[in-house]
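Position one of the sequence shown corresponds to residue 549 (our numbering), numbered consecutively onward. What follows is a set of notes on a single structure, which appears directly below.
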Amino acid sequence: MRLLIIAIGDRTPDWISEGFAEYSRRFQRPWELTLKEISANKRKRHANITRIVDAEGERLLAAIPRGWFTVALDQKGIQFDTEALTKQLKHHSELGNNIAFLIGGPDGLSANALNRVDAIWSLSTLTLAHAVVRLVAAEQLYRVFSIIKGLPYHRGAR
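This is how it looks when you write it as structure tokens:
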């Protein structure tokens, strides 16, 4: 199963990039986690934010590989606990689906992008910095992978 995070922003702190790379390295074939960064539009003073977010949304949508199941990560999406997320990904794995996850920029995802994805999931109702979302998503996806593969990473609720 191939997992692709498509995220707005290509200038992230080193610790985010290093953390993402660490989780990505831990996946074993046939599972794979990769990141595609899309440059953010410049946000000048008095800029039309709606127009900027719409343009970023179009570039996110254009980066989705044909035929992939697509999930927008958005604060208002469906939340899963670890076990439910594991069931979701296991189901998609059994169907042979690859999954692309969209992460918006500092102003979120466009309405058009949210309307054109297959699902909208949330990692948290907290507001997270968009760069942090890719790291949290990578960790959670690795956690699910480790559960499915029986690796000793996830300890579960105590």
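Even for Gly, the Cβ is constructed at its ideal location relative to N, Cα and C.
Which whole-angstrom value describes the C-beta separation of L671 and V684, a residue pair presumed to lie in contact below a C-beta threshold of 8 angstroms? As a first step, residue 671 must be located in the sequence shown, where it is residue number 123. As a first step, residue 684 must be located in the sequence shown, where it is residue number 136. Contact holds; Cβ gap of about 5 angstroms.
Does F649 come out as helix, strand or coil in the three-state DSSP assignment? For the purposes of this step, residue 649 is taken as the residue at position 101 of the sequence shown. Of the three classes helix, strand and coil, the one that applies to F649 here is strand, per DSSP.
DSSP three-state call for L552: helix, strand or coil? Translated into positions along the sequence shown, residue 552 becomes position 4. Note: L552 maps to strand in three-state DSSP.
Residue environment, I597, which counts as buried when at least 16 other CB atoms sit within 10 Å: By one-based count along the sequence shown, residue 597 stands at place 49. Result: exposed.
Hey, would you say T619 sits closer than 8 angstroms to A679, going by beta carbons? For this step, residue 619 is matched to residue 71 along the sequence shown. For this step, residue 679 is matched to residue 131 along the sequence shown. In the sequence under discussion, the amino acid at residue 619 is Val, which differs from the Thr named in the question. For V619 and A679, no; Cβs fall outside 8 angstroms.
For S694, three-class secondary structure by DSSP: Taking the sequence shown and counting its residues from 1, one reaches residue 694 at position 146. If DSSP states are grouped into helix, strand and coil, S694 belongs with the helices.
From A686, R691, R703 and H702, pick the residue whose C-alpha is nearest to that of L583; which is it? Position 35 of the sequence shown, counted from the start, is the residue given in the question as residue 583. Checked all of A686, R691, R703 and H702; the closest Cα to L583 is A686.
For Q688, which of helix, strand or coil comes out of DSSP? Residue 688 sits at position 140 when you count from the first residue of the sequence shown. Helix at Q688.
Does the beta-carbon distance from I600 to R682 come in below 8 angstroms? The count along the sequence shown starts at 1 and reaches residue 600 at position 52. The count along the sequence shown starts at 1 and reaches residue 682 at position 134. No, the Cβ-Cβ distance between I600 and R682 is not below 8 angstroms.
Assigned secondary structure, W669 (DSSP; H/G/I helix, E/B strand, else coil): Within the sequence shown, the letter at position 121 stands for residue 669. Residue state, collapsed to three classes: strand.
If you reduce the DSSP assignment to three classes, tell me which class L662 lands in. As a first step, residue 662 is located in the sequence shown; it is residue number 114 there, counting from the start. Of the three classes helix, strand and coil, the one that applies to L662 here is helix, per DSSP.
Please return the same chain residues whose Cβ sits closer than 7 angstroms to the Cβ of R664, not counting the five positions on each side in sequence. Walking along the sequence shown from the start, residue 664 turns up at place 116. For R664, where only same-chain residues beyond five positions count, the Cβ hits under 7 angstroms are L609.
Assign G652 to one of two classes, buried (16 or more other C-beta atoms within 10 Å of its C-beta) or exposed (fewer than that). Here residue 652 is taken as the residue at index 104 of the sequence shown, counted from 1. Per the 10 Å Cβ criterion, buried.
Complete runs of the alpha helix (DSSP H) confined to the region 590-622 [at least 4 residues]: 597-610
Let me make sure I understand the geometry here. Which of P578, R577, W579 and A603 has the alpha-carbon closest to that of N589? Numbered from its first residue, the sequence shown carries residue 589 at position 41. Taking only the C-alpha atoms, the option nearest N589 is A603.
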